[in-house]
Each structure stands twice: as structure tokens, then as C-alpha cells.
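Under our numbering, the first residue of the sequence shown carries the number 69, and numbering increases by one thereafter.
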Amino acid sequence: MAAMRETTGAEERTQDQSTTATRTARKPRATARTRTKTSAKTSGAMPPTAIAAKEPNLFGRITILDVRPDAQDAVFPARVELGEPFTVSAQVFLEGRATVRATAVLKNPRGRVMARVPMTQTNTGLDTWTAMLQAGSPTDLTPWDEGFADMLGQLGNWKVAIEGWADTYTDWVLDATARVNADAASADAEGAIVRGSEILTRWAATRDAGLDAAQRKVLRETAKQMLDATIPTAERLAIAQIDEIAALHTTNPLRDGLTASRDRVFHVERPKSSFSAWYQFFPRSEGATVNERGELTPGTLRTAVSGLERAKGEGFTIAYLPAVFPVDHSALDARLFAVGTAAGGHDTVDPELGSMDDFRAFCARAHELGLEVALGLPLRCAPTHPWVTAHPEWFRRNADGSFVYALDEHGDPEPFYELDFDNDLTGIEREVERIIDVWIEAGVTAFQIDEPQTEPVRFWQDVLAAVTKKHPEVLFLAEAFSRPALVRALAYAGFTQNHSYFPWRNTKEELEAFLTETNGEGGFYQHNTFWPATPDVLSDYLRNNGVAGHAVRAVLAAMGSPSWGIYNGYELMENNVIADGASALGNERTKVRARDWSGAVEYGIAELLTSLNRIRAEHPSTRSYHTLTVLPSANPAIVAFARQTPAQYTADGKPDTLLIVVNLDCYHEQQSSIHVDLDALGLPADRTYRVRDLLTDRTFDWSWDNFVSLAPWADVAHILSVEY
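Structure (C-alpha cells):
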């Protein structure tokens with residue numbers, strides 16, 4: 069069925085359903101008398117009528133079960149980005165063989181009905197119905213753009229209700245056709261025609277249908293003609309199915325037994341909460357130089373502007389700086405670091421990088437380029453941190469009064485003191501809120517929190533709620549490689565995005581499961597960001613597979629998740645490993661790297677990153693966690709998946725369908741057949757369709773099963789766009 073038209077204010081008042089009760093349908097007006105020999109009194113079985121369900125555990129006339137997604141633990145709502153298409157589903161059914169339909173109703177934070185979308189039955193045996201919705205329209209507005217403040221009014225808790233209803237008209241057409249075809253002169257056939265007249269008359273009088281005067285007139289006049297016994301029965305059946313009435317059945321149907329589920333809450337977040345591209349670099353290394361004597365001069369916030377320009381040139385949207393605070397360098401292990409020196413703590417710019425004015429100028433330049441600035445915020449306090457003197461009660465103490473050093477996961481001491489959240493939780497929360505406010509005032513709109521799993525979840529829930537209440541534009545990325553339950557709790561606590569185990573998902577089986585998990589129902593509650601590498605993580609796959617490996621992981625990250633990120637140096641194929649061979653690049657937070665960026669042209673990775681971000685910007689199907697479908701492939705070295713956004717949610721009114729095929733073998737050519745379920749994706753099943761590779765501009769004709777051959781020295785992947 070086509071999408072229903074937008075309702076008017078008056079219709080909203082009559083059509084809207086409460087969260088706990090189903091409105092009883094208004095009784096139709098009495099059928100007008102006719103001059104025919106037949107009676108217009110009610111005949112045959114009565115249609116289903118609405119039943120009030122005054123308690124949440126009571127069923128209405130239509131049974132509605134298993135509405136998804138729903139609030140986790142009945143508290144934490146599903147989350148979507150403004151304008152991000154997402155799918156809802158439910159089981160909707162009625163006893164017997166009556167035809168049932170379902171409608172998804174979307175309401176904005178003020179309770180206004182914004183859309184009524186007919187649902188599609190996707191599994192007849194399980195009575196499963198689905199619909200794709202979109203809360204608001206996608207936008208690329210940034211926090212400093214004119215109009216951003218007005219856009220914030222669209223954010224907050226939207227609601228979705230599922231309406232089930234009996235399609236009496238369709239059932240009548242089927243029944244009447246069978247009876248008239250069997251014996252048009254029989255009493256059964258005549259009775260069926262009379263029932264049809266009654267249905268049209270009642271339809272015309274039903275306020276829920278939202279008919280205008282002309283539409284009501286069509287239904288009533290047709291109902292009268294159907295009772296004219298001088299007209300052959302077959303013709304009276306036909307006039308009840310004229311184009312005008314068929315169209316009304318699509319746009320303004322008669323909905324008998326109308327039953328609504330309780331409202332499900334969806335938290336709609338601002339742009340870039342799901343769809344974002346992060347570029348991480350260190351100001352100390354950006355612009356660093358080495359003279360002819362081998363002497364290294366570190367970069368500063370002023371020289372780091374070149375990193376902003378590179379991030380913009382490659383199409384990234386968020387420039388992410390790790391901590392710019394004064395760092396204590398006294399740790400024996402240079403890879404470890406802690407914040408705080410005599411120069412200051414978390415509210416201070418390291419004097420070696422510049423001043424707070426330099427930082428503000430850096431943010432201003434980023435904004436001129438259309439980039440947001442993200443800042444790393446590790447709550448690691450060195451013994452020289454100002455808090456140690458000003459608030460010694462915030463740290464754990466030994467029996468002799470000395471401060472307790474934190475321990476790592478192996479039980480070894482870290483170079484920073486352990487915070488005591490059980491002594492003055494409120495005091496620490498307020499101080500961290502103050503610090504975040506300092507950097508927001510300077511131009512930061514996103515924060516990356518180092519290892520937030522080491523602090524109480526409630527601590528972050530309080531802090532993030534307080535900050536976003538004043539600054540709803542601020543995003544929070546959790547750098548938490550931890551237990552799944554803990555990471556999910558941090559998402560519930562308010563983290564917008566989180567790092568994920570993507571770097572360690574490398575086989576076809578691992579990737580297919582991970583793509584399905586992160587882009588499925590789990591994507592409503594936890595926005596996983598795909599990073600091929602970080603300053604602390606360089607996977608075996610990247611170390612062992614050269615240029616092709618870097619290209620493969622970039623394609624999978626950019627196409628596999630709406631949110632992805634790159635640590636700079638990726639373009640230069642940096643493959644530095646610490647002495648014991650662990651998965652780490654070496655910590656650039658304290659070690660300056662002077663890079664020769666002219667070498668990036670040789671590898672072609674920078675060009676690929678630019679192409680991937682261009683494709684993402686041009687194709688709406690990459691914007692959502694709810695548009696991905698894994699495609700079956702015959703070769704274990706080939707992984708394939710599709711992303712699709714329906715036509716009604718694209719700017720040009722055409723579906724956006726991408727078919728991504730990746731060769732995971734970085735040393736050998738691999739071939740495979742890729743199966744595409746054309747019916748599921750709405751592609752033509754009776755002929756081939758043209759696809760264009762967005763990486764090479766080559767075109768192919770595809771169908772149900774398609775042969776691909778990918779050689780790592782030529783193409784590691786296809787990103788195919790279906791041409792409509």
C-alpha cells in the first residue's frame with residue numbers, strides 16, 4: 069500500500085490513539101433509504117468493532133504483540149539521528165481468516181502526528197509487519213550554523229504507536245466476487261451486494277477515514293447504485309471497485325476494530341550522532357620538523373591547522389584531538405601518561421602546545437572549514453595534578469595517608485592516582501562538568517572519553533545528563549574496549565557513540581555477524597564507530613597485509629557503519645610495533661612524530677579515504693544503522709552486503725541502493741557468486757539492472773546471482789550503485 073497522506077490537525081484529534089486505551093469507533097450514520105426493492109438494513113456478520121483496553125495488559129480487538137524496538141528494561145529508549153530512516157516491526161493479527169492491516173504512527177515531541185505509514189507483512193506465518201519511518205529530515209547543520217538552534221526543537225523523545233485494523237472492504241470484495249461468480253442470481257450474491265452497500269455507507273460516515281465532502285459523496289452515491297436491483301449483480305459489484313474507491317482504500321481506508329499499541333519512545337539526536345567521520349591527529353606531531361642535525365621541533369596548535377585542512381580535504385567531518393592538557397612525563401613507560409603538572413590540569417592547554425587563545429583560534433579555523441572539534445578527556449590524574457592539593461578527598465588513600473596508584477588490568481601500577489568516587493561523587497561530577505563547559509566555550513562540540521568503564525556508570529550518566537541539558541549539541545564518544553554489558557550500560561548512560569571490536573573482526577564469519585549485530589536492532593541502543601586503527605591498536609590484519617589490507621579495512625569501516633574514524637598516519641601505512649609485538653602503534657600522546665606527507669601519494673590510501681567519504685556524503689543509505697543486509701557469497705574470502713534507503717526518504721525520489729563486495733584476501737585474486745534477493749530489495753526480477761562501481765566508474769549488468777572477481781593488486785572491493 070502507498071504511504072498515507074499527512075493528516076490535518078482536526079484529523080489528528082480524531083485519529084490519535086492514547087498510550088493505554090483504544091478509542092471506540094464512532095457509530096456510522098444510518099444508511100439512507102433507497103427507492104429500490106432491496107433493504108439497506110444491516111445484513112450478514114457484523115464487522116469487528118473497537119474494544120477499549122483500559123489497562124496496558126489488556127488486548128484490544130486486534131492483537132498487537134512484540135513491538136520492536138522497545139525501551140530496554142522498559143527505561144532506556146531506542147535512539148536514532150534526526151532524519152535517519154529506521155524500521156519498526158510488530159506482530160498484528162485477528163482471529164479467523166479476516167484480513168488485517170497495520171499502520172505505524174509517528175509523533176513528534178509535542179505529540180503531533182507527523183506520519184502514518186502503512187506497514188508491510190514480511191512474514192505471514194508469524195504475523196510480522198514492518199514499516200520504515202523517519203523522524204524529521206536529515207541535515208548537515210553544524211552547531212555554529214544559523215538555524216541550528218531552531219533545529220534543536222526537533223530533538224528529544226518522539227513516539228511510535230502501531231495501529232492494527234480489520235480490512236472489511238477487501239474481505240467483502242473477495243467474498244462478493246466468489247458468490248457472484250458462483251451464481252449471480254442467487255440470494256447469496258444479492259446479500260453480498262447489500263453488505264457491500266452497507267460497508268460503503270458506513271465508510272463514508274466514519275471520521276477516522278478523514279474523507280472530504282467529495283470523497284464521502286462518491287461512496288454514498290455508489291452505495292445507492294449498488295442497491296438498484298434493475299442493474300445486473302455483476303455490474304453492481306464492479307461499481308464498488310471503481311478507481312476512485314480503490315484509491316480511497318489506499319489513502320483513506322475504512323479501519324474496523326481499530327486498535328493501537330501503547331506508544332514506544334524513540335530518542336531523536338542531533339546530526340552526526342550516528343553519521344559522522346572522525347579524523348584523529350596529535351598537535352605535537354602535526355607540523356613537527358627535523359633539521360639537518362636530526363633535532364626535532366614539535367608541532368603546536370598553530371601548526372596543527374594543517375591537520376584540519378587535510379581532514380577537510382579527505383572529507384572527514386570531525387577533527388579529533390587527543391588530550392591537549394599538561395601531561396606528566398615522569399612515567400617509566402613512555403606509552404603511559406597522566407594529566408596534571410605545575411602548569412595546570414584538565415582545564416589548561418599544555419604550554420608546549422600554546423595557549424587557550426591558540427586553542428580557540430584552532431577551533432574557529434575548524435569551524436570555517438565546516439569541521440567540528442572533538443577533544444580527548446582522560447580522567448587520569450598525575451601526582452602533580454592540581455586536584456591532589458585542592459581536593460585530596462577525591463583520591464583513595466592508604467592507611468599511612470599516602471595516595472593509592474591505580475592498577476591496570478594486569479595488576480601493575482599506573483602513573484596516576486586512583487579517584488575515589490565513593491567519597492565525594494557529587495563534587496567530582498560538578499568539577500568534571502565545569503571542565504567540559506570550559507572546552508565547550510572554547511569551541512569543542514564532541515568529547516572522547518578515555519576508558520570510561522573505569523569510572524562508575526552512574527557518574528557518567530549524571531555528568532552527561534547535566535552537560536547535554538545545557539548543551540544538547542555536544543556528542544560523547546566512549547573509548548571503551550570492555551565487557552559487552554558494561555559498554556551497553558555506558559550507551560544507556562548517554563554516550564552518543566562508542567569504539568567497537570571492529571579491528572578484531574576479520575574473517576567473513578566474524579564480519580557478517582558483526583555487521584548484522586551493529587547495524588541491526590542493537591544499533592538502536594549502541595552506536596558502534598568503526599576504526600581500522602587507533603593510537604593504541606594496530607591489528608594483525610593491518611600489520612600483515614600492506615596497502616591492500618589498509619584499503620580493505622577502510623572500505624569495510626566506511627561502508628559498514630554510519631560512523632567511522634581514522635587515526636592519521638593511516639595514509640602513510642605506518643606499521644610501528646612495540647618491541648614485544650603487541651597490537652600497538654606506540655603512544656603518540658608523549659612521543660612526537662615528524663611525518664613526510666608527500667609519501668601519501670605513493671600508497672593511494674588518502675585518495676581512497678577521500679572517495680569513501682564522498683560516496684558516504686552522496687548516498688543516504690550510508691547514513692543509518694538500519695539499512696544494511698548481508699548478501700550471501702559462495703567464497704569464504706569474499707564478504708558482501710547491501711545498503712538501501714527507499715525512494716520516499718531520498719532527495720531525488722529514487723531508491724538509493726549500494727552493493728558492497730570486498731575481497732578479504734590481500735594476496736590472491738578471489739572469485740565468487742553474489743546472490744541478491746531482488747524481491748527484498750525491490751529490484752527488477754525479470755531483467756538485468758545496471759550497477760556502477762563508485763570507485764572505478766565501471767558499469768555492470770547484475771541480476772539474482774552475479775559473478776565477481778577481485779584481485780588485491782587491482783580492486784580490493786566493489787562499491788556498486790544501482791542505477792534507476
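We put the beta carbon where it would ideally sit given N, CA and C, even for glycine.
Which same chain residues, not among the five before or five after residue i, have their C-beta less than 6 angstroms away from its C-beta?
| i | result |
| --- | --- |
| residue 107 | Any reading at residue 107 is ruled out, since the residue's pLDDT is 39, under 50, leaving its predicted position unreliable. |
| residue 702 | 740, 741 |
| residue 717 | 153, 202 |
| residue 248 | 257, 301, 302, 305 |
| residue 101 | In this prediction, residue 101 scores a pLDDT of 36, lower than 50, which makes its location untrustworthy; the coordinate-derived value is nonetheless stated afterwards. Result list for residue 101: empty, nothing under 6 angstroms. |
| residue 507 | 443 |
| residue 348 | 388, 635 |
| residue 782 | none |
| residue 434 | 376, 387, 441 |
Identify the residues that DSSP records as bridge partners of residue i: which are they?
| i | result |
| --- | --- |
| residue 633 | 346 |
| residue 283 | Answer by DSSP bridge pairing: none, since residue 283 is not bridged. |
| residue 743 | 773 |
| residue 158 | 197 |
| residue 566 | 546, 596 |
| residue 174 | 183, 228 |
| residue 335 | 147, 225 |
| residue 757 | 770 |
| residue 706 | 731 |
| residue 234 | 168, 324 |
| residue 140 | 144 |
| residue 738 | 778 |
Compare the C-beta of residue i against all C-beta atoms of chain C and say whether one is closer than 7 angstroms.
| i | result |
| --- | --- |
| residue 407 | Chain labels in this structure do not include chain C; a single protein chain is all it has. |
Measuring straight from C-alpha to C-alpha, what distance separates residue i and residue j?
| i | j | result |
| --- | --- | --- |
| residue 597 | residue 162 | 42 angstroms |
| residue 131 | residue 324 | 13 angstroms |
| residue 742 | residue 486 | 53 angstroms |
| residue 446 | residue 167 | 58 angstroms |
| residue 665 | residue 498 | 42 angstroms |
| residue 351 | residue 148 | 33 angstroms |
| residue 490 | residue 341 | 32 angstroms |
| residue 216 | residue 388 | 21 angstroms |
| residue 660 | residue 365 | 9 angstroms |
| residue 332 | residue 138 | 6 angstroms |
| residue 542 | residue 398 | 33 angstroms |
| residue 675 | residue 669 | 8 angstroms |
| residue 87 | residue 222 | Confidence is the limiting factor: at residue 87 the pLDDT is only 35, short of 50, which leaves the residue's position unreliable and the question unanswerable from this model. |
| residue 204 | residue 714 | 16 angstroms |
| residue 763 | residue 441 | 29 angstroms |
| residue 449 | residue 629 | 34 angstroms |
| residue 677 | residue 396 | 35 angstroms |
| residue 296 | residue 316 | 23 angstroms |
| residue 685 | residue 519 | 31 angstroms |
Does DSSP classify residue i as helix, strand or coil?
| i | result |
| --- | --- |
| residue 712 | strand |
| residue 472 | coil |
| residue 382 | coil |
| residue 592 | helix |
| residue 538 | helix |
| residue 608 | helix |
| residue 122 | coil |
| residue 647 | Because the pLDDT of residue 647 is 45, which lies under 50, any placement of that residue in the model is unreliable, and the number read from its coordinates should be weighed accordingly. Coil at residue 647, not helix or strand. |
| residue 269 | helix |
| residue 489 | coil |
| residue 191 | strand |
| residue 789 | strand |
| residue 701 | strand |
| residue 766 | coil |
| residue 134 | strand |
| residue 388 | strand |
| residue 517 | strand |
| residue 295 | coil |
Once you ignore the five residues that flank residue i on each side, which residues in its own chain have a CB closer than 7 angstroms to its CB?
| i | result |
| --- | --- |
| residue 422 | 368, 369, 370 |
Between residue i and the rest of its own chain, which residues show a CB-CB distance below 8 angstroms, the 5 nearest in sequence each way excluded?
| i | result |
| --- | --- |
| residue 419 | 394, 411 |
| residue 472 | 463, 464, 465, 466, 485, 486 |
| residue 492 | 459, 461, 462 |
| residue 482 | 404, 406, 448, 473, 474, 475, 476 |
query: Which residue spans inside the segment 197 to 225 form an unbroken alpha helix (DSSP H) run of at least 4?
result: 216 to 219
- prompt: Which whole runs of the alpha helix (DSSP H) in the segment 420 to 488 are 4 residues long or more, in chain order?
  reply: 424 to 436, 454 to 458
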